[in-house]
Amino acid sequence: MADENWRNVREVFDAALRQEPEARQKYISEVCGDDKELLTEVESLFSSFAKVDDFMETPAVAQVADIIESDTKTLETGTRFGHYEVIRQIDRGGMGEVYLAKDARLGRSVALKLLPAHFTQDRGHVRRFEQEARAVAALSHPNVCTIHEVVETGEGRHCIVMEYVGGVTLRTRMRGRGVSLAAAVDIALQIAGALAAAHGAGIVHRDIKPENVMVRPDGLVKVLDFGIAKYAGPARGRDAEESWVKTATGVVV
């Protein structure tokens, strides 16, 4: 997310915290208006907390502001861990930060998705983060972003290393020069192919939206962000079933 957009999200989020609990959702909807992307990001921040009802009643605005402030401190260019070197931040959301990095060992560009620092001690969020890596790694399809490995930074933050997909999100593509009927059909078919492969492996994405679809300059589509995916296939045993984090009641997703 661009710095300006992130500031807008923070402003709405901070202001919403200062509203009476019962008025917060109405306030967010009114302020965001028709800006669905802003609304999605603000709600994503709220969903980052374990229980929405407890969070909405929390008066500790200063503590939450500190958490948000700590997460705005991005990794600097040149930061290294293992054989990866950070080049720049390319996106930010409620459940992670994404950086463009260089894989010095193989000489390729990769995307690093880091779990926010304040979630590293929360086993539930760590499990959900690891679930995303397992979900994508279980798939092999040209329209699904490839996972290379899961590592930890020097500060103990969890990181998914994935292929770097150049291009723009489908949302940006739609806002740009427009999408012809032929291009729209082609994009839809590629997304459907990715979802069919996921469903064939028993995986339901559950968060398909233009922000989670990348369109490369050559027209190839990549489906991203399996962060709230759910395994819906045959039983794999108790351990496997427990490894798939269930969406908590009341959480905005």
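Using this note's numbering, read the sequence shown as starting at 586 and increasing by one per residue. The beta-carbon is built from N, C-alpha and C at its ideal position, and this holds for glycine as well.
Exercise for the section: Could you check the C-alpha separation between R823 and I745 for me, to the nearest Å? Expected result: Confidence at R823 is low in this model, with a pLDDT of 43, below 50, so the placement of that residue is unreliable and no value is reported for it.
Exercise for the section: Determine the closest residue to V735 out of C617, R758 and L697, with distance taken between C-alpha atoms. Expected result: If you compare the alpha carbons of C617, R758 and L697 with that of V735, the shortest gap goes to L697.
Practice task
Rank G739, D803, E737 and A722 by C-alpha distance to the C-alpha of A786 and give the top, closest one.
Solution key: The residue with the shortest Cα to Cα distance from A786 is A722.
Handout entry: Among F666, D792, K611 and V597, nearest to G739 - alpha-carbon criterion
Key = By alpha-carbon distance to G739, the top candidate from F666, D792, K611 and V597 is F666.
Exercise for the section: Tell me whether K807 is buried or exposed, calling it buried when 16 or more other Cβ atoms sit within 10 Å of its Cβ. Expected result: Classification for K807: buried.
Problem - Cβ shell of N728 (< 8 Å), same chain only, five flanking positions each side left out - result: Cβ within range, chain order: Q775, I776, G778, A779, A782, L805, V806, K807 and V808.
Problem - Euclidean distance between Cα positions of P802 and T757 - result: The C-alpha of P802 lies about 13 Å from the C-alpha of T757.
Practice task
Would you mind sorting D810 into buried or exposed? The rule is 16 or more other CB atoms within 10 Å of its CB.
Solution key: Classification for D810: buried.
Practice task
Flag this pair as yes or no: are the beta carbons of L630 and V683 separated by less than 9 Å?
Solution key: Taking a C-beta distance under 9 Å as the contact criterion, L630 and V683 do not qualify as a contact pair.
Practice task
Please confirm whether any heavy atom of the ligand FAD lies closer than 8 Å to the CB of E605.
Solution key: Ligands in the displayed structure: none, and consequently the ligand FAD is not present.
Problem - Coil, strand or helix - R719 by DSSP - result: Correct three-state label for R719: helix.
Handout entry: Those runs of the beta strand (DSSP E) which lie wholly inside the region 785-822 and span at least 3 residues
Key = Within the region 785-822, the complete beta strand (DSSP E) runs of at least 3 residues are 798-800 and 806-808.
Exercise for the section: Using beta-carbon positions only, say whether L699 and V711 come within less than 9 Å of one another. Expected result: No, the pair does not count as a contact, with Cβ atoms beyond the cut-off.
Practice task
Compute the beta-carbon to beta-carbon distance between M747 and V695, rounded to the nearest angstrom, for a pair I have assumed lies under 8 Å.
Solution key: Taking 8 Å as the upper bound for CB-CB distance, M747 and V695 are in contact here, some 7 Å apart.
Exercise for the section: Using the Cα positions of G751 and E607, report the straight-line distance between them to the nearest angstrom. Expected result: Cα to Cα, the separation comes out at about 42 Å.
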